[in-house]
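Structure record follows, encoded as structure tokens.
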Amino acid sequence: MASETIALSVVNHGTRPIGDRLHDWVVTVDHKKLGILYILYALMFLVIGGIEATIMRIQLIVPHNHFVSPQVFNRMFTMHGTTMIFFVVMPVLFGFANYLVPLMIGARDMAFPRLNAFSFWLMALGGFLLYFSFLGGSGLYGAGNAPDVGWWAYAPLTSRAFSPGHSSDYWTLALLVSGFGSIGTAINIIATILCMRCPGMTLGKMPLLAWLNLVMAGMVILAMSPLTAAQIMLSIDRYLGGHFFDTQAGGSATIWMHFFWIFGHPEVYVLVIPAFAFASEIIPVFSRKPIFGYPVMVAATVCIGFVSMSVWAHHMFTIGMNSYANSFFAITTMAVGVPTGIKIFNWIGTMWGGKIDFKTPMLFCIGFLFQFLIAGLTGIMLGTAPFDWQLSGSYFVVAHFHYMIVGGILFALFAAFYYWYPKITGRMLNESLGKLHFWLLLIGFHLTFDVMHIPGLLGMPRRIYTYEPGRGWEVWNLITTIGTFIQGIAILLFVANLIFSYWKGPKAGNDPWDAWTLEWSVSSPPPPYNFASIPTVASRRPLWDIKHPEDPDWKYE
Amino acid sequence: MKATAHKTDWGSVAGPVAGVFILLAEVLLAASLCSAASGPAIPSIFKPESTPADSIYGLSVLVLAITGLIFVIVFGLIAYAVIKFRRRSDDGPEPPQVYGSNQIEIAWTVIPVLIVLVLFMATARVIHAIQDARKPDGAIEVTVIGHQFWWEFRYPELGVVTANELHVPVSDPSRPTPTFLKLLSADTDHSFWVPRLAGKTDLIPNRVNNMWIDPHETGVYVGQCAQYCGMQHAKMLLRVYVDSREQFDQWVQEEKKSAQSRDAVNEGRRIFETTACVNCHTVSGTVADGRFGPDLTHLMSRDTIASGATPNTPENLKTWIQDPDSIKPGSLMPAMKLNDHDLDALTAYLETLR
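Protein chains in written order, with the working numbering: chain A, 1 to 557; chain B, 558 to 911.
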């Protein structure tokens, strides 16, 4: 009872009036509170984006369906893509980075707490601007006019001739504003990791999560800048008479593609590298072994960071580049597979010879490994440029990147939720509900996205609001839609578990998983400013050294 | 707690393993269904009927074989590790702490590098063979112009203009008569994709792209626009008619003729030529010379209207003229709102445009 009161008082500051407590959350510059805000904000948009996906899947359940109009369908896929990338996956990953990086490197906060708060609220503003387009897209008098240009918003569809009203402007502004927020957070993460590590924690002794977030943050700065620049150029086109992308006045449609994808492909790695980070922390703990090949894992990540900056035009194999350009982007794309493969092998090496404990976080990690493997292999198929001439723009691509984002990133994220929820709230998530969540999501995921590859191979393009009967696509679309509903139920179970366990879950204690990194050395939830006295570490697994004084890691590193 | 731990572990292991085998079975089933799906209407990329599609198919089989092998090996390793190294009881000591092995790391770096090199060489070969193919004498040239939301086909050497239904001659491998397509766009981005004939190439404003096909079998091949181009992207369908050489030459002769005028439909013709129709449509030999919409000179030679959205029947024509949105909401064809008499007369005229 006593410890419960202490735990709650840390989060809620005791029994102060609710208005004061909410005010605390709004003005906070604490990395843990901002982390939680990021995560809750992302979860809200996850549900919204999921509803948009469900609307699309209902529309496609049979050919020539009339569930929604073409305009609504086009808005749904634009909003779904934009929401999931910019306002779900990025904020939730930033949230975990914010929460975990200072704790894991033995720091009391991020390097720039106020920049941290500023970045979060910019990103929040971006999300709300995007959704305000439903009201304001036609200048407030017309309802239901969200952007319908697709999440990559190819020119010239975004020019005033093809996109009248303000819906595209809301899209542009939302990405511009949240892009500034992302760059701010990235600078903050880099500064924190480079400058705030506790004594003894050299770069070579950082937890992999910190390393991977460092690489991710570097990529955010490099990738977000061209996107931000392109948004400004697009606004100049739309309002100041510029002609960067206005093809009717001699502008270039392909320049937009280059700007977008030189952001867009590194972005995939910006999203997946933190997922790697979760797997790299969780798999060792539940295999009871240190990560296999730590230096190689770091090198592979840095290598992915560099190579992924030179692969963007594999999204553009069909735009008629010459054969040399196509060959170049084919080989760089395949080359990324090498360090990625090395990572998969090292995770298997970590499990090898261990004593694997199948708690929910580990189940999600194994799901992640398996699905990430398949997503990587379909990625190789898409990287062979001629094969891509068939697959590009088809449902095969949609299946591929959902395999990566749902099967890979989201599964790793759920692992992270089950693993760190006890640290964040002081309560364990319900294990049975967790396992049910895992199995339902796994079944729903595979029903949806395994099957979704097939209509692509049978010639079904993406982004069509309806399709012709008799082309062999009906049954696959039906199964895909059924799988979507199973996934929806799984996500609702997860949300219920989050809420239920917050009050009713068993107490976690400081270190429920018998883990080895610094966040498990402090109370759950951690006290303000994390560490009463700054720890000193001698190895990558400081808590292992304490628990096993007879056989400490620093003897081997 | 401890008594059940062993059992629970087995359950957790059996589950993933069973699940995964079900998955594998599912994938195999799907693959077999894919290859079984061979109806002519199914635009499967695994039923190529033209050299570019055929070379891509060959490459895809190689890539699928290699990635399939990688999948089986790596998946086997994961499954083995998960089953073999599961925790059997809670109370044992920690397993041996292994930090890594440089030899193993080198092995699993070098092998993927070699695989990538093999894949790249096979890929570069096919890229070169398709993209840098020389245009032989006797090749048919067609300019394809993408519009929201229909296809314009112009045969500059033959003096033929048509829409949505591309006619090309069959190409005999011993005396190839491929068709080279020059791809342009009048408005937004589009993409020309007929899976059984070739991979897709985009039509981009202010840019000239090229692709070619040489179909080996006569018949109708379906496809559709594969780059999101606006509200009716879904109904920008595409049909390629591969004719025998004789049929093709005859088709060209027919298409080159101007529209035949018949007195019986003069009233409909007058309506056509005095309403907005002529601003967007061409009927050669008349005052109608608009280029915003499809050329209607030989409208009735086509099986479909509205870019394949509906069959070309008198009833559908009437619906299309009166209320295009009921067939294709967002189409740029305006609703003409004619009275019944004028509509009948106009349709009767259109039906003479053979």
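Where is the CB? At the ideal position from N, CA and C, for every residue including glycine.
Helix, strand or coil at residue i according to DSSP, with G and I counted as helix
i, result
"B:GLN807", "helix"
"A:GLU474", "helix"
"A:PRO91", "helix"
"A:PHE244", "coil"
"B:TRP707", "strand"
"A:PRO461", "strand"
"B:ILE602", "coil"
"B:MET768", "strand"
"A:ILE319", "helix"
"A:ALA2", "Reliability fails at A:ALA2, whose pLDDT of 40 lies under 50, so the model's placement of it is uncertain and the value that follows must be treated cautiously. Helix, per DSSP."
"A:TYR269", "helix"
"A:PHE387", "helix"
"B:SER742", "strand"
"A:PHE370", "helix"
"B:HIS747", "strand"
"B:LYS894", "coil"
"B:MET558", "Legend: pLDDT at B:MET558 = 33, less than 50; position of this residue unreliable, value from coordinates given subsequently. The answer is coil: DSSP assigns B:MET558 none of H, G, I, E or B."
"A:VAL451", "helix"
Start and end residues, beta strand (DSSP E) containing residue i
i, result
"B:PRO726", "722-726"
"B:VAL779", "776-781"
"B:ASP800", "794-800"
"B:LYS641", "Unbroken run through B:LYS641 is the alpha helix (DSSP H), 608-641; no beta strand (DSSP E)."
"A:SER252", "Per DSSP, A:SER252 belongs to no beta strand (DSSP E) and is neither H nor E."
"B:SER731", "Here B:SER731 belongs to no beta strand (DSSP E), and DSSP marks it neither H nor E."
Neighbourhood of residue i by C-beta, 6 Å cutoff - its chain only, sequence neighbours within 5 removed
i, result
"A:VAL451", "TRP476, ILE479, THR480"
"B:ASP771", "SER607, THR608, SER728, PRO733, PRO735"
"B:ARG802", "PRO726"
"A:LYS507", "none"
"A:TRP256", "ALA155, PHE245"
"A:LEU95", "A quick correction: the sequence has Gly, not Leu, at residue 95 of chain A. Excluding positions up to five away in sequence, the list reads GLY35, TYR38, ILE39."
"B:HIS838", "ALA845, GLY847, GLY850, LEU853"
"A:LEU115", "GLY184, ASN188"
"B:VAL629", "none"
Cβ-based neighbour list, residue i, same chain, cut-off 8 Å, excluding 5 preceding and 5 following
i, result
"A:ASN12", "With a pLDDT of 49 at A:ASN12, under the threshold of 50, the modelled position of that residue is not reliable, and no figure is offered here."
"A:PRO295", "GLY204"
"A:ILE319", "THR254, MET257"
Other residues of its chain near residue i: CB distance less than 7 Å, five sequence neighbours each side excluded
i, result
"A:ASP545", "ALA538, SER539, PRO552, ASP553, TRP554"
"B:LEU856", "LEU907, LEU910"
"A:ILE356", "PHE286, SER287, MET362"
"A:ALA186", "ALA217, VAL220, ILE221"
Contact belief for residue i with residue j at Cβ below 8 Å, rounded distance in angstroms
i, j, result
"A:VAL270", "A:ALA223", "6 Å"
"A:LEU391", "A:VAL92", "29 Å between Cβ atoms; not a contact."
"B:ASP701", "B:TRP708", "Per the sequence shown, the amino acid found at residue 701 of chain B is Val instead of Asp. Rounded, the Cβ-Cβ distance is 6 Å, consistent with contact."
"A:HIS315", "A:TRP261", "5 Å"
"A:ASN145", "A:GLY165", "6 Å"
"B:GLY776", "B:GLN705", "About 29 Å separates the two Cβ atoms, so there is no contact after all."
"A:THR301", "A:PHE276", "7 Å"
"B:PHE710", "B:ALA696", "The Cβ separation is near 15 Å, so there is no contact."
Bounding residues of the alpha helix (DSSP H) (the contiguous stretch that carries residue i)
i, result
"A:LEU566", "What the structure shows of chain A is the stretch from 1 to 557, and residue 566 of chain A is not part of that stretch, so it cannot be assessed."
"A:HIS400", "395-402"
"A:SER235", "208-239"
"B:HIS898", "897-907"
"B:LYS875", "871-879"
"A:HIS80", "70-82"
"A:HIS23", "18-27"
"A:HIS31", "31-59"
"A:HIS548", "First-last for A:HIS548: undefined, no H or E at that position."
"B:HIS685", "659-688"
For this session: Name, going along the chain, the residues of the segment 781-792 of chain B whose beta-carbon falls closer than 9 Å to a beta-carbon of chain A.
Result: So the list reads GLN781, CYS782, ALA783, GLN784, TYR785, CYS786, GLY787, MET788, GLN789, HIS790, ALA791, LYS792, given in the order they occur along the chain.
Exercise. According to a CB-to-CB cut-off of less than 8 Å, which residues of the segment 642-662 of chain B neighbour chain A?
Worked result: For the segment 642-662 of chain B, which is checked against every Cβ of chain A, the residues closer than 8 Å are PHE642, ARG643, ARG644, ARG645, GLY649, GLU651, PRO652, PRO653, GLN654, VAL655, TYR656, GLY657, SER658, ILE661, GLU662.
For this session: Residues of the segment 675-706 of chain B with a CB closer than 7 Å to any CB of chain A: list them in chain order, please.
Result: Within the segment 675-706 of chain B, the residues whose Cβ lies closer than 7 Å to any Cβ of chain A are, in chain order, LEU676, PHE677, THR680, ALA681, VAL683, ILE684, HIS685, ILE687, GLN688, ASP689.
Problem set entry | Members of the segment 197-216 of chain A that neighbour chain B once the beta carbon cut-off is set at 8 Å | Cβ proximity to chain B below 8 Å picks out nothing from the segment 197-216 of chain A.
Problem set entry | Residues of the segment 333-348 of chain A whose Cβ lies closer than 7 Å to any Cβ of chain B, in chain order | So the close ones are MET334, ALA335, GLY337, VAL338, GLY341, ILE342, ILE344, PHE345, ILE348.
Exercise. Between the segment 124-136 of chain A and chain B, which residues of the former have a C-beta closer than 8 Å to a C-beta of the latter?
Worked result: Close to chain B, meaning a Cβ-Cβ distance shorter than 8 Å, is no residue of the segment 124-136 of chain A at all.
Problem set entry | Members of the segment 270-301 of chain A that neighbour chain B once the beta carbon cut-off is set at 8 Å | Answer set for the segment 270-301 of chain A: SER287, ARG288, LYS289, PRO290, PHE292, GLY293, TYR294, PRO295, VAL296.
For this session: Check each residue of the segment 245-256 of chain A: if its Cβ is closer than 9 Å to any Cβ of chain B, include it; give the result in chain order.
Result: Against chain B - using a Cβ distance shorter than 9 Å - the residues of the segment 245-256 of chain A are THR247, GLN248, GLY250, GLY251, SER252, ALA253, THR254.
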